[in-house]
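Just below is one structure, and these are the notes that go with it.
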Amino acid sequence: MSEAFDNQPRADAVVTPPHPPVTKILVTGATGFVGGYVVGKLLENDYLPVCPVRHPARLMEKFSDQQRERILPIHGDLFDLPALTRAAQDCTAAVHLVGIIDENTAACQTFERIHVEATRNMIEACIRAGVRRYVHMSALGARPDATNRYHRSKWLAELAVRESGLDWTIFRPSLIHGPDGEFMRMMKYFCTAGLRQPVMLYFGRGETRLQPVYVRDVAACFVKCLAMPETVGQVYELGGPERLTWRQLYEVCSLSIIGRRKLKLPVHPAVARLLARTIVPLVPSMLMPYKFSVDQVLMSQEDNICAQETAEKVFDIHFADFREELARYADLIG
Numbered sequence: 000m001s002e003a004f005d006n007q008p009r010a011d012a013v014v015t016p017p018h019p020p021v022t023k024i025l026v027t028g029a030t031g032f033v034g035g036y037v038v039g040k041l042l043e044n045d046y047l048p049v050c051p052v053r054h055p056a057r058l059m060e061k062f063s064d065q066q067r068e069r070i071l072p073i074h075g076d077l078f079d080l081p082a083l084t085r086a087a088q089d090c091t092a093a094v095h096l097v098g099i100i101d102e103n104t105a106a107c108q109t110f111e112r113i114h115v116e117a118t119r120n121m122i123e124a125c126i127r128a129g130v131r132r133y134v135h136m137s138a139l140g141a142r143p144d145a146t147n148r149y150h151r152s153k154w155l156a157e158l159a160v161r162e163s164g165l166d167w168t169i170f171r172p173s174l175i176h177g178p179d180g181e182f183m184r185m186m187k188y189f190c191t192a193g194l195r196q197p198v199m200l201y202f203g204r205g206e207t208r209l210q211p212v213y214v215r216d217v218a219a220c221f222v223k224c225l226a227m228p229e230t231v232g233q234v235y236e237l238g239g240p241e242r243l244t245w246r247q248l249y250e251v252c253s254l255s256i257i258g259r260r261k262l263k264l265p266v267h268p269a270v271a272r273l274l275a276r277t278i279v280p281l282v283p284s285m286l287m288p289y290k291f292s293v294d295q296v297l298m299s300q301e302d303n304i305c306a307q308e309t310a311e312k313v314f315d316i317h318f319a320d321f322r323e324e325l326a327r328y329a330d331l332i333g
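In numbering that gives the first Met the number 0, the protein residues as written are 0 to 333.
Okay, structure coming up:
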């Protein structure tokens, strides 16, 4: 099992829905950050995850030998509709987790393709295979008039789900954190890279707020809703109990990861957008492994918060405190 993969049950997040002993659930994005935890939570509750993946070994390395026996990886991807339809056969529900935070046009990874087209393919596969129950990963901030293309594409994907005729549930999480997540890896790099990253940059005044939500809590909500018909047709916003500004978030991360504060430097949003359009794409990844895009600058300038009590009540989960969880797993980030 991967050293950083935090798959230990927490008492208040254990899911115990009533369902048959062997129930197949189609899971896309299973090799991703959240996907691994959703698969783990499904296994805890005697579901059989069916996972269309391009690299089965990457999925299986996260789990023990005993767990691997109950995971069904199928070679394929979201743009092979016949293969996706075959994977959905005999499944009672589908969980769609695929998403990107930044585009790579050279690899055909655009927001339109990955968020919208892939979701439409997933819906079509479910319809063809007779899968009625559908659980969708969106993002807090998704809306038709969003300032950035990321959130607009998430909204278009939601719209396809809403119009699908399936028994859907949509989740909109704020920033998802965990030891093997890309955001925490970036924070560790910013804190430990020394002269390669002497300061932690933030855009604007750094006073917009977000609510980091623990990946295991997100996974628990996804799995719990499968056995809760009252969640059909509902949209749930997920956020942790703490609302932190970007400056506060950087400080909490540096104190937990390196035990001290690190110098933080503001960059005017207009300057950051100009850099993202011109210079940043040209910098070799070896020198700048964590680049930023225009969309990320735009997203950082608006609050990403919600009333988390609603989801806590519906799913009977007390969402984990960011500082406490980070202190627990800081040494595992990697």
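All C-beta atoms in this analysis are idealised placements derived from N, C-alpha and C, irrespective of residue type, glycine included.
Local conformation of residue i per DSSP, three classes
i       : result
Thr-22  : strand
Leu-273 : helix
Thr-27  : strand
His-114 : helix
Ile-332 : coil
Ile-126 : helix
Gln-307 : coil
Val-282 : coil
Arg-204 : coil
Leu-77  : coil
Leu-325 : helix
Phe-318 : coil
Pro-143 : coil
Leu-165 : coil
Arg-85  : helix
Arg-119 : helix
Pro-268 : helix
Pro-228 : helix
For residue i, the first and last residue of its enclosing beta strand (DSSP E)
i       : result
Cys-50  : 46-52
Arg-295 : Note that residue 295 corresponds to Gln in the displayed sequence, not to Arg. It is not in any beta strand (DSSP E) - Gln-295 instead sits in the alpha helix (DSSP H) that spans 293-299.
Leu-58  : Run containing Leu-58: none in the beta strand (DSSP E); it sits in the alpha helix (DSSP H), 55-59.
Leu-71  : 71-74
Val-94  : 92-95
Where residue i falls, given that 16 or more other Cβ within 10 Å makes a residue buried
i       : result
Ser-253 : buried
Gly-334 : Because the chain spans 0 through 333 in this model, residue 334 falls outside it and cannot be assessed.
Pro-283 : exposed
Pro-228 : exposed
Gly-333 : exposed
Cys-125 : buried
Ala-271 : buried
Glu-236 : buried
Val-94  : buried
Ala-105 : exposed
Pro-20  : Low per-residue confidence applies at Pro-20: pLDDT is 48, beneath 50, and the placement is therefore not dependable, though the value from the model is reported in the following sentence. The residue is exposed, with fewer than 16 neighbouring Cβ atoms inside 10 Å.
Cys-90  : buried
Ser-152 : buried
Asp-315 : exposed
Ser-299 : buried
Pro-280 : exposed
Ser-63  : exposed
Leu-264 : exposed
Glu-323 : exposed
Asp-336 : Past the edges of the chain, shown from 0 to 333, lies residue 336, and the structure says nothing about it.
Leu-262 : exposed
Met-183 : buried
Residues bridged to residue i [DSSP beta-bridge criterion]
i       : result
Lys-223 : DSSP output for Lys-223 lists no bridge partner at all.
Met-199 : Lys-263
Phe-170 : Met-136 and Tyr-235
Ile-175 : Val-212
Gln-108 : Asn-103
Residue i - containing alpha helix (DSSP H), residue span
i       : result
Glu-157 : 148-161
Arg-246 : 245-257
Glu-43  : 32-43
Tyr-289 : Counting along the chain, Tyr-289 falls outside any alpha helix (DSSP H), and DSSP gives it neither H nor E.
Gln-65  : 64-67
Cys-190 : 181-191
heavy atom of the ligand PLP below 6 angstroms from residue i C-beta
i      : result
Thr-22 : Questions concerning the ligand PLP fall outside what the structure shown contains, since it holds no ligand whatsoever.
Interface flag, residue i vs chain D, CB-CB below 7 angstroms
i      : result
Cys-50 : No chain D is present in this structure, which holds just one protein chain.
query = Below 8 angstroms, can you find three or more Cβ-Cβ pairs linking the stretch 32-50 to the stretch 174-187?
reply = yes
ask   = Using 8 angstroms as the threshold, is the stretch 197-210 in touch with the stretch 142-155, meaning 3 or more CB pairs across them?
value = no
key: Three-pair Cβ contact test at 8 angstroms for the stretch 160-175 versus the stretch 193-203   = no
key: the stretch 183-195 in contact with the stretch 284-293 per 3-pair CB rule at 8 angstroms   = yes
query = Would you say the stretch 77-88 touches the stretch 108-121, given that touching needs at least three Cβ pairs under 8 angstroms?
reply = yes
message = Would the stretch 152-167 count as touching the stretch 293-310 if we require 3 or more Cβ pairs under 8 angstroms?
response = no
query = Do three or more CB pairs link the stretch 107-114 to the stretch 58-67 at distances below 8 angstroms?
reply = no
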